[in-house]
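Chemist: Dropping a structure here in structure tokens format, bear with me for questions.
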Amino acid sequence: MPVIQFREALRAAMTEEMERDENVFLMGEEVAEYNGAYKVSEGMLEKFGPRRIFDTPISEAGFSGLGVGAACCGLRPIIEFMSWSFTLVCLDQLVNNAANVRYMSGGQFKIPVVFRGGNGIAHQLGATHSHRMESVFARVPGLVVVAPSTPYDAKGLLKTSIRCDDPIIFLESEKMLAEKGEVPSEEYLLPIGKAAVEREGADVTVVSYGRPLQRVVRPAVEHLHSDHGIDVELIDLRTLRPLDVETIARSVGKTNRCVIIDEDWGYCGMGSGILYKIQKRCFDDLDAPIEYVHSDEIPVPFSHPLEEAMLPSVDRIVSAVKEACYR
Amino acid sequence: MSADITMPQLSDTMTEGTLVKWLKKEGDKISSGETIAEIETDKAVMEMEVFDAGVVAALVIAEGQKASVGSLLAVIATGSENPAEVKKKVASRSQPSGTSSAAPAPVSRQEVAASRKPALSAASSAPTFTQASKGEIREPDNVGHGATREQAVAVPPLPHEGNGGRRLHVSPLARRIAQQRNIDLYSLSGSGPGGRIIREDVLKAHTAPPPATATNTPGPIGGGKTESIPLTKMRSAIARSLQASKQNIPHFYETIDVDVEDLVKLRAKLNEILDPEKIRLSIGDFISKAVASALLHHPALNATFNGTEVTRYGDVNLGIAVSIPDGLIVPVLRNIHLMGLKEIRQRSIDLVDRARAQRLKQDEMTGGTFTVSNLGTFGIREFSAIINPPQVAILAIAAAEKRAVVRGDQIVARTMMTLTLSADHRIVDGATAADFLKTLKTLLEQPGMMLM
Chain X
1 MPVIQFREAL
11 RAAMTEEMER
21 DENVFLMGEE
31 VAEYNGAYKV
41 SEGMLEKFGP
51 RRIFDTPISE
61 AGFSGLGVGA
71 ACCGLRPIIE
81 FMSWSFTLVC
91 LDQLVNNAAN
101 VRYMSGGQFK
111 IPVVFRGGNG
121 IAHQLGATHS
131 HRMESVFARV
141 PGLVVVAPST
151 PYDAKGLLKT
161 SIRCDDPIIF
171 LESEKMLAEK
181 GEVPSEEYLL
191 PIGKAAVERE
201 GADVTVVSYG
211 RPLQRVVRPA
221 VEHLHSDHGI
231 DVELIDLRTL
241 RPLDVETIAR
251 SVGKTNRCVI
261 IDEDWGYCGM
271 GSGILYKIQK
281 RCFDDLDAPI
291 EYVHSDEIPV
301 PFSHPLEEAM
311 LPSVDRIVSA
321 VKEACYR
Chain B
328 MSADITMPQL
338 SDTMTEGTLV
348 KWLKKEGDKI
358 SSGETIAEIE
368 TDKAVMEMEV
378 FDAGVVAALV
388 IAEGQKASVG
398 SLLAVIATGS
408 ENPAEVKKKV
418 ASRSQPSGTS
428 SAAPAPVSRQ
438 EVAASRKPAL
448 SAASSAPTFT
458 QASKGEIREP
468 DNVGHGATRE
478 QAVAVPPLPH
488 EGNGGRRLHV
498 SPLARRIAQQ
508 RNIDLYSLSG
518 SGPGGRIIRE
528 DVLKAHTAPP
538 PATATNTPGP
548 IGGGKTESIP
558 LTKMRSAIAR
568 SLQASKQNIP
578 HFYETIDVDV
588 EDLVKLRAKL
598 NEILDPEKIR
608 LSIGDFISKA
618 VASALLHHPA
628 LNATFNGTEV
638 TRYGDVNLGI
648 AVSIPDGLIV
658 PVLRNIHLMG
668 LKEIRQRSID
678 LVDRARAQRL
688 KQDEMTGGTF
698 TVSNLGTFGI
708 REFSAIINPP
718 QVAILAIAAA
728 EKRAVVRGDQ
738 IVARTMMTLT
748 LSADHRIVDG
758 ATAADFLKTL
768 KTLLEQPGMM
778 LM
């Protein structure tokens, strides 16, 4: 099976879908002439031309609104944000319009748009460019929030997202784009709303998604296994809305313990929302309180050591898992 | 809002109760503090009072029926509610699982109180809601029975009932497993944080070998009759709590001989004086009095322990072990330190009589800070007792008898008595216990000291 980068997997998904459906197009800052700020769309302008791959002004409110309008009119836009932090200036388009037009028009308008880009803390981008936006969008009925952690999932889920008739919030990370993984050359789709049990284990269920999996969760899980004899069942959520409560509950029913890990702030963070969704389902299966490992509740520091210090670390995860296991 | 009346938890070990008798019928008016029913627990029959005034709209269970703690017994229509409507609503509710045989999760006393459901108490001290300064309604503290209200203010709160005076902490999974396997959570000690009972604790209890099986009981020999006797509810409650105490509390014992010659003489003299009043003080009464005085000097023993925290009390609520047919009950003489010998005698008799008649009120069985067990009348020379948790010590009182003792270099006959203190070594040190016994000995050998 070919081994390709995360960014190549995204590009392959967009390319395949654009070849498949002429209503699909890509717009965003630097996506065309510059081949993408992070080279996700490299070569796509050359392949599809300026009608379907085009640069926008630095105005998120403008081009995301343009995307919602285009989707209303039957096109299937892919809109790249250089960073999800920048969507704070266009929440009106995403939350009020994209999420609600289908409902408020009584179903007359579908909004088949994919908003995608880098989310979260991505190495010294400072407090205003490091927002983890998942909890902002995952709470909004009408939106679908997807957060893949591997090139394979990224391709399969992006293709499904482009074909979806509802607005998709597709969360990547600048720090994951160079990650490599096996991606089949033949076409495949992955379902939205299905979590993956990435590793089966008996002792504790660890739930995470997106970048932290690659950065700390997978290393911590290995460490827990080799140094502490704790056999983790690792769940990669892949979709944050709708949440796959069923898969989590089935796992917790087996392990009786659960630790949620993300890089959000804890209070009202994504993990808090997940906790809310699962605690009642899992209550009688739990032998310990659900643990939640998240970032410190401070603005994200520019300093690299401080940035590292605020984020969940392998040590923090190990100690939370041990606590949940009464070790 | 109509008020639900549910089965209260009236003792540490109670999981269900029997509704002996309804004292109100549907349609009867009831006011706050009135008794609605008599409830039989594993230990006694008690009267159940209600807090809510209104009309009894529905009696959900019949007399003689059992119900688990927390399950619905009756509903009172309050305010301007139509009792018939309320009854209809009750009927349409899904049938509570309460009357099934499955044991429910134990409900702590605090929870019962907090939910403003019926309170059990002596009629003379029916709890009333008091208006606190910020306009919130507070329940009365469980203090000061027998004492004046002014004294009660300074009194620290009495220990709550329940497992060591706190809510039992159990992980949901452990609770579920215990319920499935019919394991009494109160018999377990938790190994999780803060003493939380976790799955492992329940599984360990489950795999513990049964004490005796049919295969190793001897078959009948000769012509004697063998009978198996199922445990009564009280017997199994006693078995459970004594086993838990002896298993969980590291007991240690200290024994002291007390010369009660002077005390016996004083008792005879006082009884002569009290004869017209038909009051006869017992040696036990003097010991109760002396124990109360000694405890005030040694608060380390007038205490409860919940596994994480020791609570010491400024008042003495003395538990007095009373044997009843096939069982044992420990009524509590509250604020005994404020009582004279006469009052101790009268109240002890009353409590013991009512204990034997199974007519104790809830607050007469709970809140003890120390216990005495007296086998003197059986002529027992010396014995040791098992601590009554969450208390930290118990005094075993043996018979007063003439013994040959050495005084100076002479052997003389004196009336002697042997006292044995059992104490919880987690909390109480040997020297602390010895100090208490020394004080107690001084008070009993020179009874005049009790006047100090």
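Taken in sequence, the protein lines are chains X and B. For what it's worth, our numbering labels the leading residue of the first sequence as 1, then goes sequentially. For what it's worth, our numbering labels the leading residue of the second sequence as 328, then goes sequentially. For each residue, glycine too, the CB sits at the ideal point set by N, CA and C. All of these numbers come straight from a predicted model, not from anything done at the bench.
#1: In this structure, does DSSP put X/H329 in helix, strand or coil?
#2: Between X/L88, X/V113 and X/V89, which lies nearest to X/N100 when the distance is taken from Cα to Cα?
#3: Taking the continuous alpha helix (DSSP H) assigned at B/G646, which residues delimit it?
#4: Kindly identify the DSSP beta-bridge partner or partners of B/S620.
#5: Within 8 Å of any Cβ in chain B, is that where the Cβ of X/L275 sits?
#6: Starting from the N-terminal side, write out each stretch of the alpha helix (DSSP H) that is 4 residues or longer and does not extend beyond the segment 37 to 121 of chain X.
#7: Could you give the residue range of the beta strand (DSSP E) that holds B/V699?
#8: At least one CB of chain X closer than 8 Å to the CB of B/R508: is that the case?
#9: Could you tell me the alpha carbon to alpha carbon distance between X/L10 and X/A154, rounded to whole angstroms?
#10: Quick one: list the residues of chain X neighbouring B/R526, beta-carbon separation under 8 Å, in chain order.
#11: I want to see whether chain B comes within less than 8 Å of X/F283, judged by CB atoms only; does it?
#12: Report buried or exposed for B/I332, applying the criterion of at least 16 other Cβ atoms within 10 angstroms of its Cβ.
#13: Determine whether the Cβ of X/Y292 lies closer than 8 Å to any Cβ atom of chain B.
#14: Locate the alpha helix (DSSP H) running through B/S395, then write down its first and last residues.
#15: Mind reading off the beta-carbon distance from B/A726 to B/M744? Whole number of angstroms is fine, and I expect it under 8 Å.
#16: Using 8 Å as the limit for Cβ to Cβ distance, is X/Y326 near chain B?
#17: Tell me, to the nearest whole angstrom, how far the beta carbon of X/F54 is from that of X/I79; I am working on the premise that it is less than 8 Å.
#18: Restricting to Cα atoms, I'd like to know which of B/I357, B/L400 and B/S358 is closest to B/G344.
#19: Can you find a CB in chain X that lies within less than 8 Å of the CB of B/R503?
#20: Would you call X/E291 buried or exposed, if buried means 16 or more other Cβ atoms sit within 10 Å of its Cβ?
#21: DSSP state of X/D244, grouped into three classes?
#22: State yes or no: is the beta carbon of B/G381 nearer than 8 Å to at least one beta carbon in chain X?
#23: Give a yes or no on whether the minimum CB-CB distance between B/G519 and chain X is below 8 Å.
#24: Examine chain X for any beta-carbon lying closer than 8 Å to the beta-carbon of B/L500, and answer yes or no.
#25: Are there 16 or more other CB atoms within 10 angstroms of the CB of X/E198, so buried, or fewer, so exposed?
#26: Three or more beta-carbon pairs under 8 Å between the segment 703 to 715 of chain B and the segment 386 to 397 of chain B, yes or no?
#27: Just checking, does the segment 274 to 293 of chain X make contact with the segment 175 to 193 of chain X on the three C-beta pairs under 8 Å criterion?
#28: Roughly how many angstroms separate the alpha carbons of X/F115 and X/A249, rounded to a whole number?
#29: Quick one: using the 10 Å Cβ neighbour count with 16 as the cut-off for buried, is X/I105 buried or exposed?
#30: With a CB to CB cut of under 7 Å and the five nearest residues on each side skipped, what residues in its chain are close to B/K356?
#31: Smallest Cα separation from X/K254: which of X/E297, X/I58 and X/D203?
#32: Using C-beta distances below 7 Å, list every residue in its chain close to B/K616, excluding the 5 sequence neighbours before and after it, in chain order.
#33: Would the segment 166 to 186 of chain X and the segment 266 to 275 of chain X be scored as touching if the rule is three or more Cβ pairs under 8 Å?
#34: Going by DSSP, name the residue or residues bridged to B/D584.
#35: Taking 8 Å as the threshold (C-beta atoms), are B/T766 and B/A621 in contact?
Modeler: Per the coordinate set shown:
#1: Outside the shown range of chain X (1 to 327) lies residue 329 of chain X, about which nothing can therefore be said.
#2: X/V113
#3: Not the alpha helix (DSSP H): B/G646 falls in the beta strand (DSSP E), residues L645 to I647.
#4: None; B/S620 has no bridge partner.
#5: no
#6: 44 to 48, 60 to 72 and 101 to 104
#7: F697 to N701
#8: no
#9: 6 Å
#10: N256 and D287
#11: yes
#12: buried
#13: no
#14: First-last for B/S395: K393 to S395, but that is the beta strand (DSSP E), not the alpha helix (DSSP H).
#15: 7 Å
#16: yes
#17: About 11 Å; that fails the 8 Å criterion.
#18: B/L400
#19: yes
#20: buried
#21: coil
#22: no
#23: yes
#24: yes
#25: buried
#26: no
#27: no
#28: 30 Å
#29: The residue asked about is misnamed: residue 105 of chain X is Ser in this sequence, not Ile. Burial call: exposed.
#30: V382
#31: X/D203
#32: L668, I671 and M777
#33: no
#34: B/T745
#35: yes
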